[in-house]
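Trainee: Just passing along the structure, written as structure tokens.
In my numbering, the protein residues as written are 23 to 640.
In structure tokens, the structure reads:
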């Protein structure tokens, strides 16, 4: 079916050059009376005007919610080019580049891929989108599933690293030119997977702008496979940015994920991966004012957002007596958020504060932070937070960070957080847990060689599990744990790069994450500059290996430990780029192993995907 879908596109692509060639063969013997109706548009003038306008930079929406000043080694940033370079299919794929992240992969694209960082499972990652905290909704109202949000809507991902927690700041695309920008992407693969992406971004000199984007992902699988998935998502944004000091925007993001159950083949009544089928809508209005246009001075942002989830849950009813399996006709869930974020920035200091009201779970959240860099070699920051949750519960903590730049390009950074945290406010029975987490990191980054070593200590906790994996949906209370992470990059030649990371708890670690976890990549890249001197061409060949040792992944419904055997997976990617046109081929589980990230959900063997992406200015 996938080949049939691509046949019209192939014929069209082959037909365009042929049509152009035939037109070029028309002799210069046209009759005089035909010239009166010919096209007199001056395409050369249009081209020159477009080139001139493409150099005009217009203001764009500011990035709201991300700390403006942090010590070194505190944050990992993926911009648009980096995201394209990694060829990540989901946001979880991108998070796996962070040392110490383990993904609970459900077997193939479209299934859940929940990340856990240093044993905290569902509490280990917090997300925000353009400054708005993303809250979990739907059948699992405890954990955000990052696979449900399309990477094609994003231009930048910033990841703050704390012991046992990642703060992921997502920023939608920013178009800073007058000519419209268009993106088209078509991909397919094994098991009839199909992904279509399209977007149009327009800005004017007056400050008005809009974005219209959509993504369709369909994974029907074959008749003997379970877990089919489909999701059509749309994004509409209207904005007004008359200057670098003033901006307003209104955006709507809507998705409709539909994922089937995956049942135990030996016990058809046991669900390994639970289905979801509903619609999520996020509406966000943002207003920002800045005292200066250079990023310094005061700034103030106000955000009003409404997130909702709706579904017909008739199909979730199980056969049997009504008293045993009560039937629910529909599930509707929503939360309203109102936030005010302010700050003041100088060349050496930064002050930030935020206050949020929510209609459920966490009615009040207040944070304040201060940072300073008294010298180019020294940076420090402190953050205090108070959150009031439903049921009279509260979270409060203080976080301190400091960094120093040593000779030879070496950076050393340390952080500590002390206080109490409610890991899952949506669970009424979850109470505050005392924490004293700390870490120290050291590293340096050179063009040919980079190295980072981290030593982390996380407090004892009972994090929420992943309820859509009911057979291993929870974990036992984890002990205080010490972690060691190492990441490195070696480039012996300009065209050859070896990189990867390693993470392991010292002693007995918590459940939910296997020991001796590592990812290694070998990449060959070339621009063929002797042939393509403009640098317009690029080729990338990459092989990856992910490996871990035997550990306990969680607990079954009876409370017994579920063992995750050690495993090794290989993956290969090929990608070439001509200007803004990218074609790629990606193959997973190359050795065809039946190993799993989650017991009972093996990764599909020899599964591959391929496609093209093209981004251009009109």
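Note that beta-carbon positions come from the ideal geometry of N, C-alpha and C, so glycine has one too. Predicted, not measured: the structure shown is a model, and the values here were computed from it.
Just the C-alpha distance for residue 611 and residue 574, rounded to the nearest angstrom, thanks.
Mentor: The residue you call residue 611 lines up with position 589 of the chain shown. The residue you call residue 574 lines up with position 552 of the chain shown. Approximately 22 angstroms, taken between the alpha carbons.
Trainee: Please list, in chain order, all residues of the same chain as residue 454 whose beta carbon is under 8 angstroms from its beta carbon, the five residues on each side excluded.
Mentor: Here residue 454 corresponds to residue number 432 of the chain shown, with the count starting at 1. Excluding positions up to five away in sequence, the list reads 415, 416, 417, 442, 443, 444.
Trainee: Taking residue 235 as the reference, which of 615, 195, 183 has the closest Cα?
Mentor: In the chain shown, counting from the first residue as 1, residue 235 sits at position 213. Here the closest residue by C-alpha is 195.
Trainee: For residue 48, I'd like the list of residues in its chain whose CB is within less than 7 angstroms of its CB, leaving aside the five on either flank, ordered along the chain.
Mentor: By 1-based counting over the chain shown, the position of residue 48 is 26. Reliability fails at residue 48, whose pLDDT of 38 lies under 50, so the model's placement of it is uncertain and no value is given.
Trainee: Tell me residue 137's beta-bridge partners as DSSP assigns them.
Mentor: Translated into positions along the chain shown, residue 137 becomes position 115. In the DSSP output, where bridge partners are listed per residue, residue 137 has 125.
Trainee: How long is the line joining the alpha carbons of residue 581 and residue 591, rounded to whole angstroms?
Mentor: Counting from 1 along the chain shown, the entry for residue 581 is found at position 559. Counting from 1 along the chain shown, the entry for residue 591 is found at position 569. Approximately 29 angstroms between the Cα atoms of the pair.
Trainee: Given that a residue counts as buried once 16 or more other Cβ atoms are within 10 Å of its Cβ, and exposed if not, what is residue 504?
Mentor: The residue labelled residue 504 in the question sits at position 482 within the chain shown. Its Cβ having fewer than 16 others within 10 Å, residue 504 is exposed.
Trainee: Excluding the 5 residues preceding and the 5 following residue 559 in the sequence, name in chain order all residues of the same chain whose CB lies nearer than 8 angstroms to its CB.
Mentor: What you label residue 559 is simply residue 537 of the chain shown in a count that begins at 1. Answer for residue 559: 549, 550, 553, 598, 599, 600, listed in chain order.
Trainee: Could you name the residues that DSSP lists as bridge partners for residue 252?
Mentor: Residue mapping note: residue 252 aligns to position 230 of the chain shown, counting from 1. Looking at the DSSP assignment, residue 252 forms a beta bridge with 240, 280.
Trainee: Flag residue 383 as yes when its Cβ comes closer than 8 angstroms to any non-hydrogen atom of the ligand ZN, and as no otherwise.
Mentor: Among the components of this structure there are no ligands whatsoever, and the ligand ZN is therefore not found.
Trainee: According to DSSP, what are the bridge partners of residue 619?
Mentor: In the chain shown, counting from the first residue as 1, residue 619 sits at position 597. DSSP, once it has assigned bridges, lists no residue as partnering residue 619.
Trainee: For the alpha helix (DSSP H) containing residue 662, name the first residue and the last one.
Mentor: What the structure shows of the chain is the stretch from 23 to 640, and residue 662 is not part of that stretch, so it cannot be assessed.
Trainee: Where residue 577 and residue 594 are concerned, what is the direct C-alpha to C-alpha distance, given to the nearest angstrom?
Mentor: For this step, residue 577 is matched to residue 555 along the chain shown. For this step, residue 594 is matched to residue 572 along the chain shown. About 33 angstroms.
Trainee: Leaving out the 5 sequence neighbours to the left and right, which residues in its chain are closer than 7 angstroms to residue 482 when beta-carbon positions are compared?
Mentor: Along the chain shown, one-based indexing puts residue 482 at 460. So the qualifying residues of the chain are 499, 500, 501, 502.
Trainee: Please state if the CB of residue 394 and the CB of residue 374 are separated by a distance shorter than 9 angstroms.
Mentor: For the purposes of this step, residue 374 is identified with residue 352 of the chain shown, where counting begins at 1. For the purposes of this step, residue 394 is identified with residue 372 of the chain shown, where counting begins at 1. Not closer than 9 angstroms, so no.
Trainee: I'd like to know whether the C-beta atoms of residue 312 and residue 322 end up nearer to each other than 9 angstroms.
Mentor: Position 290 of the chain shown, counted from the start, is the residue given in the question as residue 312. Position 300 of the chain shown, counted from the start, is the residue given in the question as residue 322. Going by C-beta atoms, residue 312 is nearer than 9 angstroms to residue 322.
Trainee: Could you tell me which of 159, 175, 114 sits nearest to residue 146, measuring between CA atoms?
Mentor: Along the chain shown, read from residue 1 onward, the residue named residue 146 stands at position 124. Taking only the C-alpha atoms, the option nearest residue 146 is 114.
Trainee: Beta-carbon within less than 8 angstroms of residue 64's beta-carbon, same chain only, minus the 5 sequence neighbours each way: which residues are those?
Mentor: To locate residue 64, count along the chain shown from 1; it is residue 42. Within the same chain, residue 64 has no close Cβ partners at all.
Trainee: Does the Cβ of residue 109 have 16 or more other Cβ atoms within 10 Å, making it buried, or fewer, making it exposed?
Mentor: The sequence position of residue 109 within the chain shown is 87, counting from 1. It is buried - the Cβ of residue 109 has at least 16 other Cβ atoms within 10 Å.
Trainee: Name the DSSP bridge partner or partners of residue 596?
Mentor: Residue numbering aside, residue 596 sits at position 574 when the chain shown is read from its first letter. 563, 607.
Trainee: Report buried or exposed for residue 193, applying the criterion of at least 16 other Cβ atoms within 10 angstroms of its Cβ.
Mentor: Along the chain shown, read from residue 1 onward, the residue named residue 193 stands at position 171. Per the 10 Å Cβ criterion, buried.
Trainee: In this structure, how does DSSP classify residue 159 when only helix, strand and coil are distinguished?
Mentor: Counted from its first residue, the chain shown places residue 159 at position 137. If DSSP states are grouped into helix, strand and coil, residue 159 belongs with coil.
Trainee: How about residue 275 and residue 159: are their beta carbons less than 9 angstroms apart?
Mentor: The residue labelled residue 275 in the question sits at position 253 within the chain shown. The residue labelled residue 159 in the question sits at position 137 within the chain shown. The answer is no: Cβ separation not under 9 angstroms.
Trainee: Would you check if the distance between the CB atom of residue 310 and the CB atom of residue 492 is smaller than 9 angstroms?
Mentor: In the chain shown, the residue the question calls residue 310 occupies position 288. In the chain shown, the residue the question calls residue 492 occupies position 470. Their beta carbons are not under 9 angstroms apart, which means residue 310 does not touch residue 492 by this criterion.
Trainee: Where residue 474 and residue 404 are concerned, what is the direct C-alpha to C-alpha distance, given to the nearest angstrom?
Mentor: Here the question's residue 474 lines up with position 452 in the chain shown. Here the question's residue 404 lines up with position 382 in the chain shown. Taking the straight line joining both Cα atoms gives about 23 angstroms.
Trainee: Run through the DSSP bridge pairs and tell me what residue 546 is partnered with.
Mentor: Locating residue 546 in the chain shown gives position 524, counting from the first residue. In DSSP, residue 546 forms a bridge with 518, 563.
Trainee: Could you work out which residue in 205, 361, 431, 424 is closest to residue 156 when comparing CA atoms only?
Mentor: For this step, residue 156 is matched to residue 134 along the chain shown. Nearest C-alpha to residue 156: 361.
Trainee: How would you label residue 469, buried or exposed, when you count the other beta carbons within 10 angstroms and need 16 or more for buried?
Mentor: Position 447 of the chain shown holds residue 469. Label assigned to residue 469: exposed.
Trainee: Residue 301 bridges to which residues according to DSSP?
Mentor: Locating residue 301 in the chain shown gives position 279, where the first residue counts as 1. Bridge partners of residue 301: 332.
Trainee: Pull up the distance between the alpha-carbon of residue 615 and that of residue 245, whole angstroms please.
Mentor: Residue 615 sits at position 593 when you count from the first residue of the chain shown. Residue 245 sits at position 223 when you count from the first residue of the chain shown. Residue 615 and residue 245: Cα-Cα distance of roughly 21 angstroms.
Trainee: How many Å lie between residue 632 and residue 448 at the Cα?
Mentor: As a working note, residue 632 is residue 610 in the chain shown. As a working note, residue 448 is residue 426 in the chain shown. Going by the C-alpha atoms only, they are around 39 angstroms apart.
Trainee: Of all the beta strand (DSSP E) runs that stay within the bounds of the stretch 410-466, which reach a length of 3 or more residues?
Mentor: Fully enclosed beta strand (DSSP E) runs of 3 or longer: 416-427, 433-443.
Trainee: For residue 462, which residues from the same chain have a beta carbon less than 6 angstroms from its beta carbon, with the 5 sequence-adjacent residues on both sides left out?
Mentor: Taking the first residue of the chain shown as position 1, residue 462 is located at position 440. Cβ neighbours of residue 462 beyond the five flanking positions: 436, 477.
Trainee: Going by alpha carbons, who is nearest to residue 199 out of 326, 537, 530, 77?
Mentor: For the purposes of this step, residue 199 is identified with residue 177 of the chain shown, where counting begins at 1. The residue with the shortest Cα to Cα distance from residue 199 is 77.
Trainee: Where residue 642 and residue 89 are concerned, what is the direct C-alpha to C-alpha distance, given to the nearest angstrom?
Mentor: Because the chain spans 23 through 640 in this model, residue 642 falls outside it and cannot be assessed.
Trainee: On the CB-based measure, 16 or more other CB atoms within 10 Å of its CB, does residue 516 come out buried or exposed?
Mentor: Sequence index remark: in the chain shown, residue 516 carries index 494 (1-based). Classification for residue 516: exposed.
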